[in-house]
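Down below is the structure, laid out as structure tokens.
2 protein chains.
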Amino acid sequence: MVKGQETESGRLVDLFPSHHPLTPPQSEEDVLAWLRLLRSRRVGIATFFRLMGEHGSAQAALEALPEIARAAGSDGYTPCPRPVVEAELKAARYHGAHFVAFGSRDYPAQLSEIADPPPFFWAIGAVSLLQRSTIAVVGARNASSLGTRMARRLAEELGQQGHVVVSGLARGIDTAAHAAALKTGTIAVMASGADVIYPTENTVLGEEIGREGGLRISEAPMGMSPQARHFPQRNRIISGLARAVVVVEAAARSGSLITARTALDQGREVLAVPGHPFDARASGCNMLIRDGATLVRGASDVIEALGSVPTPAPQSAPEIAAPAPEQAAAAPPRSSAEIRALHQQILDRIGPSPLAEDQLIRDLALPAAAITPELVTLELEGLIQRQPGGLINRLT
Amino acid sequence: MVKGQETESGRLVDLFPSHHPLTPPQSEEDVLAWLRLLRSRRVGIATFFRLMGEHGSAQAALEALPEIARAAGSDGYTPCPRPVVEAELKAARYHGAHFVAFGSRDYPAQLSEIADPPPFFWAIGAVSLLQRSTIAVVGARNASSLGTRMARRLAEELGQQGHVVVSGLARGIDTAAHAAALKTGTIAVMASGADVIYPTENTVLGEEIGREGGLRISEAPMGMSPQARHFPQRNRIISGLARAVVVVEAAARSGSLITARTALDQGREVLAVPGHPFDARASGCNMLIRDGATLVRGASDVIEALGSVPTPAPQSAPEIAAPAPEQAAAAPPRSSAEIRALHQQILDRIGPSPLAEDQLIRDLALPAAAITPELVTLELEGLIQRQPGGLINRLT
Numbered sequence: 001m002v003k004g005q006e007t008e009s010g011r012l013v014d015l016f017p018s019h020h021p022l023t024p025p026q027s028e029e030d031v032l033a034w035l036r037l038l039r040s041r042r043v044g045i046a047t048f049f050r051l052m053g054e055h056g057s058a059q060a061a062l063e064a065l066p067e068i069a070r071a072a073g074s075d076g077y078t079p080c081p082r083p084v085v086e087a088e089l090k091a092a093r094y095h096g097a098h099f100v101a102f103g104s105r106d107y108p109a110q111l112s113e114i115a116d117p118p119p120f121f122w123a124i125g126a127v128s129l130l131q132r133s134t135i136a137v138v139g140a141r142n143a144s145s146l147g148t149r150m151a152r153r154l155a156e157e158l159g160q161q162g163h164v165v166v167s168g169l170a171r172g173i174d175t176a177a178h179a180a181a182l183k184t185g186t187i188a189v190m191a192s193g194a195d196v197i198y199p200t201e202n203t204v205l206g207e208e209i210g211r212e213g214g215l216r217i218s219e220a221p222m223g224m225s226p227q228a229r230h231f232p233q234r235n236r237i238i239s240g241l242a243r244a245v246v247v248v249e250a251a252a253r254s255g256s257l258i259t260a261r262t263a264l265d266q267g268r269e270v271l272a273v274p275g276h277p278f279d280a281r282a283s284g285c286n287m288l289i290r291d292g293a294t295l296v297r298g299a300s301d302v303i304e305a306l307g308s309v310p311t312p313a314p315q316s317a318p319e320i321a322a323p324a325p326e327q328a329a330a331a332p333p334r335s336s337a338e339i340r341a342l343h344q345q346i347l348d349r350i351g352p353s354p355l356a357e358d359q360l361i362r363d364l365a366l367p368a369a370a371i372t373p374e375l376v377t378l379e380l381e382g383l384i385q386r387q388p389g390g391l392i393n394r395l396t
Numbered sequence: 001m002v003k004g005q006e007t008e009s010g011r012l013v014d015l016f017p018s019h020h021p022l023t024p025p026q027s028e029e030d031v032l033a034w035l036r037l038l039r040s041r042r043v044g045i046a047t048f049f050r051l052m053g054e055h056g057s058a059q060a061a062l063e064a065l066p067e068i069a070r071a072a073g074s075d076g077y078t079p080c081p082r083p084v085v086e087a088e089l090k091a092a093r094y095h096g097a098h099f100v101a102f103g104s105r106d107y108p109a110q111l112s113e114i115a116d117p118p119p120f121f122w123a124i125g126a127v128s129l130l131q132r133s134t135i136a137v138v139g140a141r142n143a144s145s146l147g148t149r150m151a152r153r154l155a156e157e158l159g160q161q162g163h164v165v166v167s168g169l170a171r172g173i174d175t176a177a178h179a180a181a182l183k184t185g186t187i188a189v190m191a192s193g194a195d196v197i198y199p200t201e202n203t204v205l206g207e208e209i210g211r212e213g214g215l216r217i218s219e220a221p222m223g224m225s226p227q228a229r230h231f232p233q234r235n236r237i238i239s240g241l242a243r244a245v246v247v248v249e250a251a252a253r254s255g256s257l258i259t260a261r262t263a264l265d266q267g268r269e270v271l272a273v274p275g276h277p278f279d280a281r282a283s284g285c286n287m288l289i290r291d292g293a294t295l296v297r298g299a300s301d302v303i304e305a306l307g308s309v310p311t312p313a314p315q316s317a318p319e320i321a322a323p324a325p326e327q328a329a330a331a332p333p334r335s336s337a338e339i340r341a342l343h344q345q346i347l348d349r350i351g352p353s354p355l356a357e358d359q360l361i362r363d364l365a366l367p368a369a370a371i372t373p374e375l376v377t378l379e380l381e382g383l384i385q386r387q388p389g390g391l392i393n394r395l396t
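Sequence order for the protein chains is A and B.
Here the first sequence is numbered in my numbering, starting from 1 and rising by one per residue.
Here the second sequence is numbered in my numbering, starting from 1 and rising by one per residue.
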């Protein structure tokens, strides 16, 4: 996270002075506190990192929360109750889910560099896949047979070349990509809890992914059902994990285009498989290519495009130490007042009819990296809604 | 021609000092002399313009030719006999063909700006089309039904928007494009004589083009049969006439790709219709798009891409005057010795196995605009052969 911000704008370093380095949980108590803090009402990702930076630990942040809420005019605020996260932890144990915290050894470096990295996520399966070179293969649910074949072939060949195929476990392209990469390694990023396989027709595939050289991950609480509004957030993790995102088949205004857009915002290489303009299922991909995405004819085009994107070196020896200093400095603490003012600026500009995120960023004349996390927070708080095509509208 | 050279390299202006402005033929005698000069052995396009610049008229150049040949070590050289071109002129009259000379009012400004513009060409049909905005629509002979439909739709819509559709009268995409633009205006650029319609299955279409708001043009002598080696040269006129070249469907290593390549060399906008990578007939277009061609989904993409390319204003009043000064200065006279030295340099570098034109230009470290016309001359003289993909090999 911080790396991206440091390179994008030195100004952010001043805006978000770091008081405390971020240390991943060292005990079960720590894990419970992390869970409680993020699961607390009105604590989004940016707020989580800010509170961690200001208070030094999740426990300290939890203790401070009611007072912070009171200062913001909200009396009687209570953080997420402990029994709730104890139940979550129990469910995680039952399903053999690993708690992968920001700053920990298992947390993928690529993902930590996005503007709004999950503070932690649950992972069921081969956690070591998170350290390998990953390429996202995504696309339409109602894929054509050409599209499905292409997804299968790409995933197979990318897998044979040593890349882990990341996708969203959806019908169509995602399913074909996961299935073809099952033997070589695949990561399913879920919008539901890591233990809730969706759609149900992918139950067997999802279970295989959690067992055989695959990995299911989710930032959602264990046991949570998928909700439409979680998909765009999930998509940012798919692209955040990946060195490159290949869109195999996508109609205009489809979810895959949001993933592609997010990927571009994250500085990821975006690639797309073209199709004939008379085929509506190619329209999203053709649009991406017109907008500068690399045209993909096969796996070799993807590998060529990776070019200078470095392959993460697999970590061979276990390492329990704190994260590297630059990761430790990751928390972007900004004062509550500053955050509130920025939120109000954002909300003032967004009405019930959709506004493009680009436009908003230009209007505010602030770096995208400063605004994007706040949009996530506002979305998580149910104040705004993201729509296909990078559009945002106000909900309240 | 000169415009391009002046902008590409001021050096050329020194290399090719202009002694005489180029004046288009004013009489039938002039036309016969122009015909004889270009139809004379070893007189290619560059030589034609050089001789015109050095000697001021085709008649004077013809008189000087034997002496020039003798100086170059070739005794007993005779220019093209007068009866040959009298027969050509007679055939042209019979078919109602217009003689369109470089520098004349009818000669399209766009075409005059390429590196190797035809000194003249024959035109059968609506000569006024040469003054309109033109867009080339080209593609595979063995087009798919998708490709044919796309060509038809593009040509129809471009025609409705006021653009003249240029193509090569070949089977497949070319045929579909011409037929769809017959009502709004279409130009067929032929590799055979303007009176020899090829392929024969396009006889009716070709005749309609010569009658109903269409135009057939050719730089080849009247009555000449098509020969394979003339197609690449013909393609440079298709793209030379056009503001933009749209490749609708093209396999790898196809003639359409040569047209696209030539178009890029000429600074034309190149656009291509994508297709699914599993469809071999899309591979050329997908390659072009990967290499930077604009992806086309429909006519509006083409029109958008035209962007700042100016629309030539149709000339309403007849105008018999000499060409504009910058056109008059068009002839690039270079001394015979310089040309011979350059030819030798080129031939020294080309062997029987094909070499890329790009490579040759880099090797010689000279501007492309200085080399390209000489390649045409060497090709016309039968010393080198051009192959698909911009490759050249030596013949003798």
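Note that the Cβ used here is the ideal one computed from N, Cα and C, for glycine as well.
When the cut-off is 8 Å and only beta carbons count, does residue i lie next to chain A?
i, result
"B:N142", "no"
"B:R149", "yes"
"B:L146", "yes"
Give me, in chain order, the residues of the same chain whose beta-carbon lies closer than 8 Å to that of residue i; leave out the 5 immediate sequence neighbours on both sides.
i, result
"B:I289", "A272, P274, L295"
"A:V247", "V138, G139, S256, L257, T259, A260, V270, L271, A272, V273, G284, C285, L288, A293"
"B:R413", "Residue numbering for chain B in the displayed model covers 1 to 396; residue 413 of chain B lies beyond these limits and cannot be assessed."
"A:Q161", "A299, I303"
"B:T134", "P108, Q110, H163, V164, V165, V166, I187, L241, A242, R243"
With a threshold of 8 Å between beta-carbons, can residue i be considered close to chain B, or not?
i, result
"A:L264", "no"
"A:L257", "no"
Would you please state the rounded distance, in angstroms, between the beta carbons of residue i and residue j? I believe it to be under 8 Å.
i, j, result
"A:V302", "A:A244", "6 Å"
"A:G255", "A:N235", "7 Å"
"A:P221", "A:E88", "5 Å"
"A:Y107", "A:A101", "6 Å"
"B:I346", "B:L360", "7 Å"
"B:S218", "B:A242", "Actually they are not in contact, since the Cβ atoms of B:S218 and B:A242 sit about 16 Å apart, beyond 8 Å."
What does a CB cutoff of less than 7 Å around residue i pick up in its chain, not counting 5 residues either side in sequence?
i, result
"A:A61", "L37, L51, M52, H55"
"A:L129", "V164, G185, I187, L215"
"B:E212", "L182"
"B:W34", "P25, A58, A101, P119, F120"
Near residue i, which residues of its chain fall below 6 Å by C-beta distance, leaving aside the five closest residues on each side in sequence?
i, result
"B:S167", "V137, V138, D174, A177, H178"
"A:A143", "G172, I173, E249"
"A:A91", "M222, G223"
"B:A170", "R141"
"A:G210", "I124, G125, R216"
"A:G390", "R261, A356, E357"
Chain-ordered residues of the segment 270-300 of chain A with a beta carbon less than 9 Å from chain B
V273, P274, G275, H276, P277, F278, D279, A282, S283, C285, N286, M287, I289, R290, T294, L295, V296, R297, G298
Please list the segments of the beta strand (DSSP E) lying wholly inside the segment 213-280 of chain A, counting only runs of 3 or more residues, in order along the chain.
214-218, 244-247, 269-272
For a minimum of 4 consecutive residues, which ranges assigned as the alpha helix (DSSP H) are wholly contained in the segment 95-126 of chain B?
109-112
Scan the segment 145-179 of chain A and note each continuous alpha helix (DSSP H) run of 4 residues or more that stays entirely inside, going in chain order.
145-160
If we require 4 or more residues per run, which alpha helix (DSSP H) segments fall completely within the segment 24-80 of chain B?
28-39, 45-55, 58-71
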